[in-house]
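Residues in the sequence shown are numbered from 183 upward in steps of one, following the numbering used here. No residue lacks a Cβ here, since even glycine has one placed at the ideal position from N, Cα and C. Working notes, beginning with the structure itself.
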Amino acid sequence: MTQILAGRIQYPHADGVLFGPGCAREQLHELLNGLGAKRPFLLTTPSLTRTDLLPEVRDAIGSSLVGEFTESREHTPQEVVLQAARMAREAQADALISFGGSSVVDLTKGVALVLAEGEDLSQVRVHFAPDTGLQLPDLPAPKVPHIALPTTLSGAEFTGAIGITDMSRGEKVLYLDAKLTPRWVVLDPELARATPANLWAATGMKIFADGLEALCSTRATPYTDALAQSALSILYQELPGAVANANDAAARGRCLFAAFMLLPNLLNVGLGVVAGLRHQIGGGFGVPHGVASTIVLPHVLRWNLPAATPQLAQTARSLGLEAGSDEEAAALNTISAVDEMIKALELPQRLRDVDVPQEALAGIAEHTAHDFVVATNPRPVQNSSELLEVLQAAW
183 MTQILAGRIQ YPHADGVLFG PGCAREQLHE LLNGLGAKRP FLLTTPSLTR
233 TDLLPEVRDA IGSSLVGEFT ESREHTPQEV VLQAARMARE AQADALISFG
283 GSSVVDLTKG VALVLAEGED LSQVRVHFAP DTGLQLPDLP APKVPHIALP
333 TTLSGAEFTG AIGITDMSRG EKVLYLDAKL TPRWVVLDPE LARATPANLW
383 AATGMKIFAD GLEALCSTRA TPYTDALAQS ALSILYQELP GAVANANDAA
433 ARGRCLFAAF MLLPNLLNVG LGVVAGLRHQ IGGGFGVPHG VASTIVLPHV
483 LRWNLPAATP QLAQTARSLG LEAGSDEEAA ALNTISAVDE MIKALELPQR
533 LRDVDVPQEA LAGIAEHTAH DFVVATNPRP VQNSSELLEV LQAAW
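Quick look at the structure:
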């Protein structure tokens, strides 16, 4: 029986995406003018302050730059968000520019959230429970415009979602407001030439996982499937070369473009258990999201297989894998290809290898069961004990 299509597709609150080598240097100032920005504020990472890329970005912004925050940290600790927001407020910033990976993009979205809604973040967080569903706070205030200059494949720049870590509880807390989506995203592979191979590989696998979760989502549509399958095919072809040679602007640029094809539609389809697990593994134990995604992905795919066989079989065909008439065999070939990608990219394969203690798995499972991203997982999460089985397999 043909599936009846019904639902809603939303587009991000963004003006556009700029892409190509050198586009930041050539057009960033023009983008700021288009936003009416007179007092832009730059946020970046300590590692990028030690490269020749930061002076290039400063030059592209020009003399209107009113301040910088260069202490972004992994997993976006709440106290760092508040510190950066106070600096931006004191500088009277009217636009924010993020330069770096997912942590600095989330930091910048967090700054925009605090500037608009205040410092009591407990009042604006997302709540989710399997029995009560998703509860979103009303966040009507306008947000300071944000231009993102990503240097990894995290994809955080294409959504209005933020993960901010409550360090006192070791919990990644989620916030969501479409108005926090960057107004412009600048995909310039020249800005990614200093990104280390292992970081590019891990963030590439993170968005590969996002693509698979988008395909398997309970809210997937032919529109989102077409973009996700195409993005997965590009990543499968280009990620190894982009990891091997940071100066391969064509390969890194195509990977960045694949992220653009995929990530904006997460607003429409959601994610699943991989994203939920990485939020808690990352926030609680300092494991980068790309690494956490990589480790749990094959195990989540196997757990989801009874509910996601057709989607994974179609992925095998998109990737050019062996995919005959046996749907389950084709789906298993996709999972095997994921295993082989992880090995070829020399990424960690076990939670124990990244210092996640076995006794912490039950707590991770419990927090994940209450993460709103699992609401669209193809196999419903009934309780945390199911997720504990997945974590034990990954440990």
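Closest option to residue 284, judged by alpha-carbon separation, among 414, 338, 543: 338. Going by DSSP, residue 328 is part of the beta strand (DSSP E) stretching over 328-332.
Put simply, of 231, 373, 358, 576 the residue whose alpha carbon is nearest the alpha carbon of residue 456 is 576. CA-CA distance, residue 413 to residue 217, rounds to 30 Å.
In the DSSP assignment, residue 339 falls outside any alpha helix (DSSP H), carrying neither H nor E. Look at residue 386 here: in three-state DSSP terms it is helix.
Taking the CA atoms as reference points, residue 499 sits about 15 Å from residue 490.
With 16 or more neighbouring CB atoms inside 10 Å of its own CB, residue 386 falls in the buried class. In the DSSP assignment, the residues bridged to residue 223 are 249, 278. For residue 542, the closest C-alpha among the options 446, 352, 563 is that of 352.
In the three-state DSSP reduction, residue 263 falls in the helix class (H, G or I). Cβ-Cβ distances below 6 Å link residue 203 to 371, 372, 431 in the same chain, with the five nearest sequence neighbours on each side left out; the list follows chain order. Excluding sequence positions up to five before and after residue 367, its CB lies within less than 6 Å of the CB of 199, 330, 339, all in the same chain and listed in chain order. In the structure shown, residue 502 adopts coil according to DSSP, grouped into three states.
The beta carbon of residue 475 sits closer than 7 Å to the beta carbons of 387, 388, 391, 456, 460 from its chain, once the five residues preceding and following it are set aside; these are given in chain order. Setting aside the 5 residues that flank it on each side, residue 528 is surrounded in the same chain by 380, 383, each with a C-beta closer than 8 Å to its C-beta; the list follows chain order. Inter-segment contact for the stretch 534-550 and the stretch 501-518 is absent: fewer than three beta-carbon pairs are separated by less than 8 Å. Boundaries around residue 211 are those of the alpha helix (DSSP H), 205-216, since no beta strand (DSSP E) includes it.
Assigned with DSSP and collapsed to three states, residue 195 falls in coil, not helix or strand. Judged by DSSP in its simplified three-state form, residue 367 adopts strand. DSSP places residue 348 in the uninterrupted beta strand (DSSP E) bounded by 343-348.
For the options 492, 363, 307, 530, the alpha carbon positioned closest to that of residue 515 is the one of 492. Looking only at 534, 517, 518, the smallest Cα-Cα distance to residue 463 is reached by 534. Beta-bridge partners of residue 548 (DSSP): none assigned.
Residue environment: residue 365 is assigned as buried (16 or more neighbouring CB atoms within 10 Å of its CB, all protein chains considered). Rounded to the nearest angstrom, the gap between the Cα atoms of residue 363 and residue 356 is 14 Å.
Excluding the 5 residues flanking it on each side, residue 258 has same chain C-beta neighbours closer than 8 Å at 285, 288, 289, 292, 344, 345, 346, 347, in chain order. Three or more beta-carbon pairs drawn from the stretch 211-228 and the stretch 236-253 are found closer than 8 Å, and the two stretches are therefore classed as touching. In the structure shown, the three-state DSSP call for residue 541 is helix. The C-alpha of residue 434 lies about 10 Å from the C-alpha of residue 333. Inclusion of residue 395 and residue 454 in the CB contact set at 8 Å is warranted, their separation being smaller than that value.
Distances from the alpha-carbon of residue 243 to those of 208, 261, 268 put 208 closest. Cβ contact annotation for residue 400 (same chain, cutoff 7 Å, sequence separation greater than five): 558, 560, in chain order. In this model, residue 520 and residue 274 are separated by some 47 Å (Cα to Cα).
Taking C-alpha positions only, residue 197 is separated from residue 246 by approximately 21 Å.
Ranked by Cα distance from residue 423, the options 479, 409, 444, 523 are led by 523.
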